[in-house]
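These notes are about the structure you will find just below.
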Amino acid sequence: MWGGRFAMGPDAVMTAINASIGFDRRLAREDIAGSRAHAAMLAAQGIIGPDDAVAIDAGLAQVLAEIESGTFAFSTALEDIHMNVEARLREIVGPAAGRLHTARSRNDQVATDFRLWVRARCDDADAALARLIDALLDQAERGADMVMPGFTHLQVAQPVTWGHHMLAYVEMFARDRGRFADARARMNECPLGAAALAGTSFPLNREATAAALGFDRPTANSIDSVSDRDFAMEFLAAASICAAHLSRLAEELVLWSTAQFRFARLSDRFSTGSSIMPQKRNPDAAELVRAKVGRILGAQVALTVVMKGLPLAYSKDMQEDKEPVFDAADALGLALSAMEGMIRDLEPDGDRLRAAAAAGFSTATDLADWLVRALGMPFRDAHHVTGAAVARAEALGVDLPELPLAELRGLDPRITAEVYAVLGVENSVRSRTSIGGTAPDRVRAAIARWRGRL
Ligand code: ARG
């Protein structure tokens with residue numbers, strides 16, 4: 009493509025380090041869509057002839073068909089997807105192919121292709137998150153008043169409901185959707201027409217190519233157009249946060265499915281056995297989802313470090329942008345699908361959850377709140393009295409609801425038998441009716457709100 013200036017071909021190592029076709033072939037569809045939009049615009053502007061435009065378009069359609077059917081012969085010597093496609097186009101349509109690269113550079117070409125690709129992955133992530141949220145809402149519905157222990161510091165804190173716990177993840181994944189949507193909206197500008205970096209002297213219609221490719225508008229600055237990879241960094245940032253959320257839920261699935269917790273059962277479809285220990289049901293899918301954040305965040309770090317300190321505009325360093333993004337997008341897609349499958353099949357054990365919720369003096373706060381409400385005690389004093397009640401219960405080897413009234417009266421003689429109503433876990437969760445609280449009525453209303461929004 010640049011033989012005019014060169015007397016010698018590249019060294020084998022040069023070819024090896026320079027070629028990106030091994031991975032950027034994944035941009036084939038976007039590359040051809042961009043070229044077709046560009047050729048149509050060039051023809052509409054009278055920059056290339058109508059016959060050449062028709063030949064180029066038909067030729068590009070054939071190249072795409074060859075790539076999709078697997079008959080296309082990719083060549084490392086041709087370096088990247090852009091030159092592979094163009095070289096094949098020349099074989100098919102002859103010299104007219106040479107007109108396609110008018111008013112264009114691989115710099116704006118690759119920026120356009122990659123934006124289109126990342127934009128599609130934002131859409132994939134959004135759809136996968138919507139499916140995961142739907143699965144979580146189904147779980148929330150089945151367990152809207154299923155009582156379970158809520159933890160802080162992984163120590164029993166207060167009873168909550170299974171539904172409320174599921175809805176916490178719905179909030180997180182909905183924010184993730186918002187981040188992908190924000191990134192998508194910001195990236196949806198078309199670099200095509202920036203050419204190498206300075207724009208072009210040809211009378212382009214950049215609005216037309218932008219619209220043909222589904223972009224909202226052309227990018228505003230030609231230098232920025234070819235040097236910006238924010239869109240990929242932003243996608244990876246959203247993906248990293250989403251992967252971190254997935255890893256937290258995955259960790260809970262791992263914990264819950266242990267013999268020690270037995271809060272929930274992962275289905276056979278998402279578990280594996282052991283070749284030596286017949287009793288084992290290993291949560292491999294959950295463990296792998298838990299791990300994916302490592303490579304996804306790694307991709308974000310890799311790309312950010314590649315971009316850091318690069319002078320404007322395009323530098324070849326930027327060819328290193330693609331592999332981390334491809335890898336992270338694949339990993340995220342797989343993790344989201346696996347998580348959706350695990351959540352759909354997940355079987356919470358209501359009896360175990362309730363028993364665990366009642367253990368560990370989980371309604372101590374309810375006792376303290378009762379002392380405040382019924383006796384007018386300042387909360388700090390109520391906290392102290394309740395602490396003493398817990399210590400008595402622990403010494404007697406009973407839970408709070410079984411602590412005899414005489415014991416409670418020993419701490420404050422004004423305490424009546426009415427206190428026992430607040431010490432049961434069902435009453436405890438039912439009483440938490442504040443906005444965003446775990447009361448089953450609140451949980452049902454939140455589910456209905458989310459269903460409406462979806
Ligand atoms: N393969 C290159 C990349 O992925 C395409 C752009 C090459 N541009 C250039 N001026 N060498 O970044």
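No gaps in the numbering here: position 266 of the sequence shown is 274 in the numbering used here, and each next residue is one more.
C-beta: ideal position from N, C-alpha, C; glycine also.
Remember, predicted model here, so these are calculated numbers, not experimental data.
**Prompt:** Does the Cβ-Cβ distance between V234 and L200 come in under 7 Å?
**Reply:** If you number the sequence shown from 1, residue 234 lands on position 226. If you number the sequence shown from 1, residue 200 lands on position 192. The answer is no: Cβ separation not under 7 Å.
**Asked** Taking three-plus beta-carbon pairs below 8 Å as touching, is the region 380 to 394 in contact with the region 331 to 347?
**Response** no
**Request:** Put Q287 into one of helix, strand or coil per three-state DSSP.
**Result:** Numbered from 1 along the sequence shown, position 279 holds the residue referred to as residue 287. If DSSP states are grouped into helix, strand and coil, Q287 belongs with coil.
**Message:** Following a CB-centred definition, is D88 positioned closer than 6 Å to any heavy atom of the ligand ARG?
**Reply:** The residue you call residue 88 lines up with position 80 of the sequence shown. Yes.
**Request:** Buried or exposed for W125, please, with buried defined as at least 16 other CB atoms from any protein chain shown within 10 angstroms of its CB.
**Result:** Indexing the sequence shown from 1 puts residue 125 at position 117. Burial call: buried.
**Message:** For E260 and P448, I'd like the C-alpha separation in whole angstroms.
**Reply:** Taking the first residue of the sequence shown as position 1, residue 260 is located at position 252. Taking the first residue of the sequence shown as position 1, residue 448 is located at position 440. Between E260 and P448, the C-alpha separation is close to 22 Å.
**Prompt:** Would F239 pass as a contact of R123 if the rule is Cβ separation under 7 Å?
**Reply:** Counting from one through the sequence shown, the residue named residue 239 turns up at place 231. Counting from one through the sequence shown, the residue named residue 123 turns up at place 115. Yes, Cβ-Cβ distance for F239 and R123 is below 7 Å.
**Request:** Evaluate P412 with the Cβ neighbour count: other Cβ atoms within 10 Å of its Cβ, from every protein chain shown; 16 or more gives buried, anything less gives exposed.
**Result:** One-based indexing of the sequence shown puts residue 412 at position 404. Its Cβ having fewer than 16 others within 10 Å, P412 is exposed.
**Item:** Own chain partners of A182 with C-beta closer than 7 Å, once the 5 adjacent residues on each side are dropped
**Value:** In the sequence shown, counting from the first residue as 1, residue 182 sits at position 174. Correct list, in chain order: I141.
**Asked** Based on Cα-Cα distance, which residue from Q327, F334, S279 lies nearest to M350?
**Response** Indexing the sequence shown from 1 puts residue 350 at position 342. Comparing Cα-Cα distances from M350 to each of Q327, F334, S279, the minimum goes to S279.
**Prompt:** Between R237 and E197, is the Cβ-Cβ spacing less than 7 Å?
**Reply:** On the sequence shown, residue 237 is found 229 positions in, with the first residue counted as 1. On the sequence shown, residue 197 is found 189 positions in, with the first residue counted as 1. Result no, Cβ atoms of R237 and E197 do not sit closer than 7 Å.
**Request:** For chain D, find out if any of its Cβ atoms is closer than 7 Å to the Cβ of E331; answer yes or no.
**Result:** In the displayed structure, chain D is absent; only one protein chain is listed.
**Through-space distance from F369 to P421, alpha-carbon basis** = By one-based count along the sequence shown, residue 421 stands at place 413. By one-based count along the sequence shown, residue 369 stands at place 361. Rounded to whole angstroms, P421 to F369 spans 21 Å at the Cα level.
**Prompt:** Along the chain, which unbroken stretches of the alpha helix (DSSP H) at least 4 residues long are found entirely within the region 57 to 86?
**Reply:** 58 to 77
**Prompt:** Can we say the region 202 to 219 touches the region 19 to 35, given the rule of at least three CB pairs closer than 8 Å?
**Reply:** no
**Message:** For A425, tell me which candidate among I64, V93, L408, R440 has the shortest Cα-Cα distance.
**Reply:** In the sequence shown, residue 425 corresponds to position 417, counting from 1. Selected option, being the one with the closest Cα: L408.
**Message:** Residues in the same chain with beta-carbon distance under 8 Å from T110, minus the five sequence neighbours each way, listed in chain order, please.
**Reply:** Counting from 1 along the sequence shown, the entry for residue 110 is found at position 102. Taken in chain order, the residues that qualify are L50, I55, I56, F210.
**Message:** Beta-carbon within less than 6 Å of G67's beta-carbon, same chain only, minus the 5 sequence neighbours each way: which residues are those?
**Reply:** Along the sequence shown, read from residue 1 onward, the residue named residue 67 stands at position 59. The residues are L97, I100, V101.
**Request:** Can you grab the Cα-Cα spacing for the pair Y177 / A366, in whole Å?
**Result:** Locating residue 177 in the sequence shown gives position 169, where the first residue counts as 1. Locating residue 366 in the sequence shown gives position 358, where the first residue counts as 1. Distance between the alpha carbons of Y177 and A366 is about 24 Å.
**Prompt:** Three-state secondary structure (DSSP) at A165?
**Reply:** Indexing the sequence shown from 1 puts residue 165 at position 157. It is a strand residue.
**beta strand (DSSP E) segment containing M156, residue limits** = On the sequence shown, residue 156 is found 148 positions in, with the first residue counted as 1. Looking at the DSSP string, the run of the beta strand (DSSP E) that includes M156 is 155 to 160.
**Message:** I'd like to confirm something about R461: is its beta-carbon nearer than 6 Å to some heavy atom of the ligand ARG, or not?
**Reply:** Your numbering for residue 461 matches position 453 in the sequence shown. Not so, every heavy atom of the ligand ARG lies at least 6 Å from the Cβ.
**Prompt:** In terms of alpha-carbon separation, which member of D153, D134, E76 lies closest to R438?
**Reply:** Here residue 438 refers to the residue found at position 430 of the sequence shown. The option with the nearest alpha carbon to R438 is D153.
**Asked** Is any heavy atom of the ligand ARG found at a distance shorter than 6 Å from the C-beta of N213?
**Response** The residue given as residue 213 occupies position 205 in the sequence shown. Not under cutoff, so the answer is no.
**Request:** Give me the Cα-Cα distance between E415 and M385, rounded to the nearest whole angstrom.
**Result:** What you label residue 415 is simply residue 407 of the sequence shown in a count that begins at 1. What you label residue 385 is simply residue 377 of the sequence shown in a count that begins at 1. Cα to Cα, E415 sits roughly 18 Å from M385.
**Prompt:** Enumerated in chain order, which unbroken segments of the alpha helix (DSSP H) with a length of 4 residues or greater are wholly contained in the region 340 to 408?
**Reply:** 358 to 366, 372 to 383, 387 to 404
**Message:** Are the CB atoms of T169 and V451 within a distance shorter than 7 Å?
**Reply:** Locating residue 451 in the sequence shown gives position 443, where the first residue counts as 1. Locating residue 169 in the sequence shown gives position 161, where the first residue counts as 1. In contact: V451 and T169 (Cβ atoms closer than 7 Å).
**Request:** Examine the ligand ARG and report whether any of its heavy atoms sits within less than 6 Å of the Cβ of N196.
**Result:** Looking up residue 196 in the sequence shown gives position 188. Outside the cutoff, so no.
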